[in-house]
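Data block below; observations after.
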Amino acid sequence: MRVVLHPTTPNLVVWRGNISGSYYAKYGYDWLLKRYTFSSGESWAWIWKLDLLENVKFFLWQVGHQALPTRAFLRRRHISSNATCPQCGADTKDMTHIFWRCSEVSRVWRLLSTTMANPSCTDATILEWVRHQIPCSRGLVPIAL
Numbered sequence: 000m001r002v003v004l005h006p007t008t009p010n011l012v013v014w015r016g017n018i019s020g021s022y023y024a025k026y027g028y029d030w031l032l033k034r035y036t037f038s039s040g041e042s043w044a045w046i047w048k049l050d051l052l053e054n055v056k057f058f059l060w061q062v063g064h065q066a067l068p069t070r071a072f073l074r075r076r077h078i079s080s081n082a083t084c085p086q087c088g089a090d091t092k093d094m095t096h097i098f099w100r101c102s103e104v105s106r107v108w109r110l111l112s113t114t115m116a117n118p119s120c121t122d123a124t125i126l127e128w129v130r131h132q133i134p135c136s137r138g139l140v141p142i143a144l
């Protein structure tokens, strides 16, 4: 198959989220809702049904709602000006650094188990990864948390 490009025809930006190719905020919002299923309150019910301590369930709920008082969270709320990781010194953009990408945390994951998927090697969100690992790990993830 050959694509013929005409030098006189201008490039055109097209939104693939709808048939017309036009972008409106509503289309972007609908696309995000379809893509990120954890955004609705209904999809969090699985956390509360786990056979875990209540404080672990609450912790997972906070993780899923981006509500942990991390340094980056506190900086966004103008409570603190320091958002660097105390372990490695990196600027912490989100919780994925704290749980997965920090060099010190990566060492912990390597020591914990070789049977669990390395979280930094997946495209899953933190909660998607935890949801997959809890049945496979016989409680190792809650202990690690």
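Residue numbering for the sequence shown follows numbering that gives the first Met the number 0, beginning at 0 and increasing consecutively.
We put the beta carbon where it would ideally sit given N, CA and C, even for glycine.
Sort the options by Cα distance to residue i and report the nearest one.
i: SER79; options: ASN54, PRO68 and GLY88; result: PRO68
i: CYS179; options: ARG109, CYS84 and LEU110; result: Because residue 179 is not part of the residues shown, which for the chain are 0 to 144, the question remains open.
i: GLN86; options: ILE18, LEU49 and VAL107; result: VAL107
i: GLY88; options: HIS64, ARG76 and VAL104; result: VAL104
If residue i sits next to residue j, beta carbons under 8 Å apart, how far is it from one beta carbon to the other, in whole angstroms?
i: TRP60; j: TRP43; result: 6 Å
I'd like to check one pair, residue j with residue i: are the Cβ atoms closer than 8 Å?
i: ALA66; j: ALA82; result: no
i: GLY27; j: GLY20; result: no
What does a CB cutoff of less than 7 Å around residue i pick up in its chain, not counting 5 residues either side in sequence?
i: ILE125; result: VAL62, MET94, THR95 and PHE98
i: ARG130; result: TRP45
i: LEU73; result: SER79
i: ASP90; result: ALA82 and THR83
Can you name the residues that DSSP bridges to residue i?
i: ASP90; result: THR83
Does the beta carbon of residue i come closer than 8 Å to any beta carbon on chain C?
i: GLU53; result: Protein chains in the displayed structure number just one, and chain C is not present.
Starting from the C-beta of residue i, find all residues in its chain whose C-beta is less than 8 Å away, skip the five residues before and the five after it, and write them out in chain order.
i: TYR22; result: TRP14 and GLY16
i: THR7; result: none
i: VAL3; result: none
i: ARG1; result: none
Can you give me the Cβ contacts of residue i inside the same chain, cut-off strictly under 6 Å, excluding the 5 residues immediately before and after it?
i: LEU110; result: none
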